[in-house]
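Have a look at the structure below before the remarks.
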Amino acid sequence: MNTGRRHIVTVTLVLILTGIAVATFSQTHHPKDYFRSPLDIPIRLSGNFGEIRPNHFHGGLDMKTESVEGKKIYAAAEGYISRIKVSPWGYGKTLYITHPNGYITVYAHLKRYSDKIEEYIKKYQYNKESYPVEKFPLPSELKIEKGEVVALGGNTGGSGGPHLHFEIRNAITGYVLNPLLFGFAIMDSIKPVIRSVRVYPLSDESHVSNLHSPRYLKISGSSGNYRTSASNPLKLQGDIGFSVEVYDFLNYSHNKCGIFSIELQKDGERVYYHEMETYGFHENRYISSHVDYGEFKNEGKHLQKSFIAPNNRLSIYKETLNRGVIAINDLNIHEMKYIIKDSYGNTSTLTIPVQGHLYTAAKREGDMVRKIGPTKEETVLLPADTGLVNKQVKNSGGSEPNVPASMGLLPKLPEEVLSVNFVKKFHWQFANSFKNDDVRIFLDEGLLYEDVNFEYKVTDTLLGAVAPTHHIHNVYTPVHKLYSIAIRTDKIPNRLKGKAMVARIKNNGRTYYEGGGYEGDFIKTTSKYFGAFTVLLDTIAPRIRGLNIYERKNMSKASNITVSIYDKLSGINTYNAYIDGKWILMEYEPKKSALVFSFSDLGKYAPELSSADGKRGSHTFKIVVTDNRGNSSQMSLDFIR
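In my numbering, the protein residues as written are 188 to 828.
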């Protein structure tokens, strides 16, 4: 090789190794000895800060509680309870403590609060007659000392098992900060593991190994040193992007965790860098652009891209050149280097030699462009505002599927038209719309991360649906915020319109409630996802079943009343329970489809049970449950206590 004429681009993924230590990030403004551990057992993590999750970064540390509920949770520092939130979803039972040094610590998925906090919030719940509540106590109401027991660990909300979710936030901005930068004693001497690398052609003229499509590279290595398996450099042309699938592991844990930073260099010059020190919750959904969203939806892979879409506004990006897009416009061999660190400095490297290559398409029969009229099998009708049409074709010359072309034009002569989708160019910086007689779609400006060749097609009505299935683009393209969808359903009688709901259909056939209200003959709603949509009728009331109570049961020795509630289509909306006509608090746990009332509330928050002679008597338990389409069920039982 003549190194005077060529130089190597090698992609090297680096993640630094040290043992137990203060996190490697060289920020001195994070106090290292201010916060104590919120647990009195060694910290073992099942998830760390910045870990890739569906539609969000993980904003804290998931601390293991030895797979049990009820572990004592301690205040990390002195302060006051500034917020209490109870929800069946998300963080479940959550506590927020504001500290005098300008930070807030957050404790989530709790089983219950300490006695003084529990009494404070339960009184509020009974006053509001609601299980989900949010309360912001005054600084003087619930003062807390460092090391004070504030709760018991649990599994409430969206938790997948008993653990404590712990966060540190900036009290002024609300941004979450990486708790590993605050000096918690956590053992980490394991180098991150690189699983895969993908390379992307990013322009019409770009190619990866003579193909205009992304390609995975085979890699080999271990213990922090990785390389591509190919003996020759990867052939590239034009604008190119890279992504990497990499996980961090910590001592005493088999859980996959996230990394701290990724840097990409070209010939020693940094072209991309991000770090997970802090971010705002309003940025969370940009993660759909940060990762290879299509591969996540299709394969479940968490590939982090090192090139940035035009409308990706994440603040984690610190230094980039040309937004991480690598221009390969020569025939030289180059060397690139990816440098990726975890919070404790453990490092792994991956080397990828690449070489510029001039791709020339081979001339073959059928490579001419000619105007195509309607096929013999069907006439293609295009709406007036459509600029492009995708035609999936078979061609002996090797046509790629779904090739965008000008109206009525195809890049190669087809032998058979397989399917036709309407296509319109959607530009990320503008508002976009698509409509025909049966569907109306509108996206505000900034809802896309980059320009999209929007596709639409309609297929047959599903069994039980009252509208055809409308395929609004595809599930592999992310949307940043809600956009509006309106579907015509002019055959539904007025008496049933209140039961109609827009449903999103996943690839496995399951349907998800997306709401909807009528405007004329169209039912209109909003969604954060592209995909297949239809309209269903929900006329079935929720199901209620007593789990530990039945008619005339003696509940004298029972500690609670537990019932199961379930709704098949639109989902549970409200639930209210009463004993002898007085409202009682039932805690909702959707994972178990269960509502639970504790008899210990009687006489403290709810009226004490009484009978005419002061002895055990008969009482009436009643529960009313409604779904999101207004269908209602109730169950009424007498019990002895």
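All residues carry an ideal CB built from backbone N, CA and C; glycine is no exception.
My understanding is that Lys259 touches Val336, with C-beta atoms under 8 Å, so please give their C-beta distance in whole angstroms. The residue given as residue 259 occupies position 72 in the sequence shown. The residue given as residue 336 occupies position 149 in the sequence shown. With a contact defined as Cβ atoms closer than 8 Å, Lys259 and Val336 qualify at about 5 Å.
Ignore the nearest five residues each way along the sequence and tell me which others in Ala690's own chain have a CB closer than 6 Å to its CB. On the sequence shown, residue 690 is found 503 positions in, with the first residue counted as 1. So the qualifying residues of the chain are Thr698, Thr721, Leu723.
Return the chain-ordered list of same chain residues with a C-beta closer than 8 Å to the C-beta of Leu683, the five sequence neighbours on each side being excluded. Working through the sequence shown from its first residue, we reach residue 683 at position 496. Once the five neighbours on either side are set aside, the close Cβ partners of Leu683 are Leu724, Thr726.
Taking the beta strand (DSSP E) that Asn760 falls in, what are its first and last residues? For the purposes of this step, residue 760 is identified with residue 573 of the sequence shown, where counting begins at 1. Asn760 -> beta strand (DSSP E) spans 759 to 766.
Once the 5 residues before and after Gly702 are set aside, which same chain residues still bring their CB inside 8 Å of it? Here residue 702 corresponds to residue number 515 of the sequence shown, with the count starting at 1. Hits under 8 Å: Met688, Val689, Thr712, Thr713, Asn815.
Label Phe617 either buried or exposed according to how many other C-beta atoms from any shown protein chain fall within 10 Å of its C-beta, with 16 as the threshold for buried. The count along the sequence shown starts at 1 and reaches residue 617 at position 430. It is exposed - the Cβ of Phe617 has fewer than 16 other Cβ atoms within 10 Å.
Short check: CB of Leu226 to CB of Asn235, under 8 Å? Taking the first residue of the sequence shown as position 1, residue 226 is located at position 39. Taking the first residue of the sequence shown as position 1, residue 235 is located at position 48. For Leu226 and Asn235, no; Cβs fall outside 8 Å.
Taking the alpha-carbon positions, what's the Tyr643 to Gly704 distance? Reading the sequence shown from its first residue, position 456 is the one you call residue 643. Reading the sequence shown from its first residue, position 517 is the one you call residue 704. Answer to the nearest angstrom: the Cα atoms are 22 Å apart.
Between which residues of its own chain and Lys303 is the CB-CB distance below 8 Å, once the five residues before and five after are set aside? If you number the sequence shown from 1, residue 303 lands on position 116. So the qualifying residues of the chain are Leu329.
Starting from Ile271 and walking both ways along the beta strand (DSSP E), at which residues does that stretch end? For the purposes of this step, residue 271 is taken as residue 84 along the sequence shown, with counting starting at 1. For Ile271, the uninterrupted beta strand (DSSP E) segment begins and ends at 266 to 273.
Which same chain residues, not among the five before or five after Ala673, have their C-beta less than 6 Å away from its C-beta? In the sequence shown, residue 673 corresponds to position 486, counting from 1. Closer than 6 Å at Cβ, skipping near neighbours: Arg627, Phe709, Lys711.
Measuring CA to CA, which of Tyr313, Thr676, Ser410 is closest to Arg382? Within the sequence shown, residue 382 is the residue found at index 195, counting from 1. From the listed residues Tyr313, Thr676, Ser410, the smallest Cα separation to Arg382 is found for Ser410.
Reduced DSSP secondary structure (H/G/I, E/B, other) of Pro388: As a working mapping, residue 388 is identified with position 201 in the sequence shown. In the structure shown, Pro388 falls within a strand segment according to DSSP collapsed to helix, strand and coil.
Cβ-heavy atom distance between Ile748 and the ligand MG below 7 Å? Ligands displayed in this structure: none; no statement on the ligand MG is therefore possible.
Sort out for me which residues DSSP pairs Asp249 with in a bridge. Residue mapping note: residue 249 aligns to position 62 of the sequence shown, counting from 1. DSSP lists Gly234, His352 as the beta-bridge partner residues of Asp249.
Using three-state DSSP, classify Glu470 as helix, strand or coil. Locating residue 470 in the sequence shown gives position 283, counting from the first residue. Under the three-state reduction of DSSP, Glu470 is assigned to helix.
Do the region 745 to 752 and the region 778 to 796 make contact, defined as three or more Cβ pairs closer than 8 Å? They touch, by the three-pair rule.
On the DSSP letters alone, give me the boundaries of the beta strand (DSSP E) that Phe629 sits inside. Here the question's residue 629 lines up with position 442 in the sequence shown. Taken as a continuous stretch (DSSP letters only), the beta strand (DSSP E) holding Phe629 covers 626 to 630.
Cβ-Cβ distance between Tyr546 and Asn397 below 8 Å: For the purposes of this step, residue 546 is taken as residue 359 along the sequence shown, with counting starting at 1. For the purposes of this step, residue 397 is taken as residue 210 along the sequence shown, with counting starting at 1. Contact: yes.
Near Thr656, which residues of its chain fall below 8 Å by C-beta distance, leaving aside the five closest residues on each side in sequence? As a first step, residue 656 must be located in the sequence shown, where it is residue number 469. These residues qualify, in order along the chain: Val645, Thr646, Asp647, Thr648, Leu649, Ile692, Ala719, Phe720, Thr721.
To the nearest angstrom, how far is the alpha carbon of Asn485 from that of Ile228? As a working note, residue 485 is residue 298 in the sequence shown. As a working note, residue 228 is residue 41 in the sequence shown. Our two residues, Asn485 and Ile228, have alpha carbons roughly 39 Å apart in a direct line.
Quick one: residues in its chain with C-beta nearer than 7 Å to the C-beta of Arg510, no 5 flanking neighbours on either side, listed in chain order? Within the sequence shown, residue 510 is the residue found at index 323, counting from 1. Phe494, Ile495, listed in sequence order.
Confirm, please, whether the CB-CB distance from Gln542 to Asn519 is below 8 Å. Position 332 of the sequence shown, counted from the start, is the residue given in the question as residue 519. Position 355 of the sequence shown, counted from the start, is the residue given in the question as residue 542. In contact: Asn519 and Gln542 (Cβ atoms closer than 8 Å).
Check whether the region 313 to 321 touches the region 270 to 285, taking contact to mean three or more Cβ pairs, one atom from each stretch, closer than 8 Å. Contact holds: three or more Cβ-Cβ distances are below 8 Å.
Would you mind listing the beta strand (DSSP E) stretches within the region 723 to 750 that are 3+ residues and don't spill past its ends, in chain order? The qualifying runs are 730 to 733.
Tell me the DSSP secondary structure of Asp825 in three-state form. Here residue 825 refers to the residue found at position 638 of the sequence shown. Strand, per DSSP.
For Lys715 and Val666, I'd like the C-alpha separation in whole angstroms. Taking the first residue of the sequence shown as 1, we reach residue 715 at position 528. Taking the first residue of the sequence shown as 1, we reach residue 666 at position 479. Straight-line Cα distance between these residues: approximately 6 Å.
Taking Gly758 as the reference, which of Asn314, Met463, Glu238, Ala728 has the closest Cα? On the sequence shown, residue 758 is found 571 positions in, with the first residue counted as 1. Per the C-alpha coordinates, the member of Asn314, Met463, Glu238, Ala728 positioned closest to Gly758 is Ala728.
Whether His243 touches Asn471 by CB criterion (8 Å): The residue given as residue 243 occupies position 56 in the sequence shown. The residue given as residue 471 occupies position 284 in the sequence shown. Yes, Cβ-Cβ distance for His243 and Asn471 is below 8 Å.
In DSSP terms, what Leu423 is bridged to: One-based indexing of the sequence shown puts residue 423 at position 236. Leu423 pairs with Val395, Gly543.
Could you check whether Tyr283 and Ser269 sit closer than 8 Å to each other, using their CB atoms as the reference points? For the purposes of this step, residue 269 is taken as the residue at position 82 of the sequence shown. For the purposes of this step, residue 283 is taken as the residue at position 96 of the sequence shown. Using a Cβ distance threshold of 8 Å, Ser269 and Tyr283 count as a contacting pair.
With Thr507 and Val458 assumed to form a contact (beta carbons below 8 Å), what rounded beta-carbon distance in angstroms separates them? Numbered from its first residue, the sequence shown carries residue 507 at position 320. Numbered from its first residue, the sequence shown carries residue 458 at position 271. That pair is a contact at about 7 Å.
Which residues does DSSP list as the beta-bridge partners of Glu642? Position 455 of the sequence shown, counting from 1, holds the residue named residue 642. Bridge partners of Glu642: Val610.
Inter-residue spacing [alpha-carbon to alpha-carbon] between Asp479 and Asp754: Within the sequence shown, residue 479 is the residue found at index 292, counting from 1. Within the sequence shown, residue 754 is the residue found at index 567, counting from 1. In this structure, the CA atom of Asp479 is about 34 Å from the CA atom of Asp754.
Please state if the CB of Tyr636 and the CB of Ser476 are separated by a distance shorter than 8 Å. To locate residue 476, count along the sequence shown from 1; it is residue 289. To locate residue 636, count along the sequence shown from 1; it is residue 449. Yes, they are a contact pair.
N- and C-terminal bounds of the alpha helix (DSSP H) containing Asn485: For the purposes of this step, residue 485 is taken as residue 298 along the sequence shown, with counting starting at 1. Segment 480 to 486, the alpha helix (DSSP H) holding Asn485.
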